[in-house]
Structure formats: C-alpha cells, structure tokens
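Novice: Numbering (the working numbering), first residue to last: 808 to 886.
Sharing a structure, written as structure tokens. Questions coming.
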C-alpha cells in the first residue's frame with residue numbers, strides 16, 4: 808500500500824478503531840487533502856489494489872466533509 812500512498816503525498820490518512828462503538832464497521836480511515844483529484848485517484852488506486860479486490864476489506868461509506876465549513880460559509884455571507 809505504501810507505493811500507492813506515496814503517489815499522492817497531498818492526501819493524509821489517519822486510522823481509527825470503531826469496533827467498540829459500532830456494529831457497522833470495525834475501522835474508520837479519515838483522509839485529509841486540499842486536492843479533490845488526488846483523493847479521487849488515491850481511492851481509485853486503493854479500489855484496484857489487492858487490499859480491496861480480495862475479500863479483506865469493504866468500503867461501507869464515504870462521507871465527504873469540510874472542516875469548519877460553516878465558518879467559511881458564514882464569512883462568505885458577510886462579504
């Protein structure tokens with residue numbers, strides 16, 4: 808997996824264990840980036856990799872979010 812992540816250094820990833828809190832999934836990966844294309848390409852590369860093509864893992868949900876998006880929105884309205 809390291810070669811895939813190395814191709815997209817502008818995307819940062821963090822892992823969280825969720826198994827004690829959710830029956831839906833055991834782990835959560837959080838990706839951070841300012842480049843939507845880099846995120847898109849990284850996810851496509853992961854989906855094409857043995858990690859996802861073999862029955863080891865399953866993408867359950869992809870939930871896009873913007874950190875403090877409401878603040879940016881409010882600031883834009885105030886202009």
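Where is the CB? At the ideal position from N, CA and C, for every residue including glycine.
Can you tell me whether residue 836 is helix, strand or coil according to DSSP?
Specialist: Strand at residue 836.
Novice: Just reading off the alpha helix (DSSP H) that residue 868 is part of, what are its end residues?
Specialist: Unbroken run through residue 868: none, as it is neither H nor E.
Novice: Measuring alpha carbon to alpha carbon, tell me which residue in 852, 813 and 818 is nearest residue 841.
Specialist: 818
Novice: Measure from the alpha carbon of residue 823 to the alpha carbon of each residue in 833, 814 and 816, then state which is nearest.
Specialist: 833
Novice: Please state whether DSSP places residue 828 in a helix, a strand or coil.
Specialist: coil
Novice: Would you mind stating whether residue 848 and residue 880 have Cβ atoms separated by less than 8 Å?
Specialist: For residue 848 and residue 880, no; Cβs fall outside 8 Å.
Novice: Which residue wins for smallest C-alpha separation from residue 869, given the options 828, 839 and 811?
Specialist: The residue with the shortest Cα to Cα distance from residue 869 is 839.
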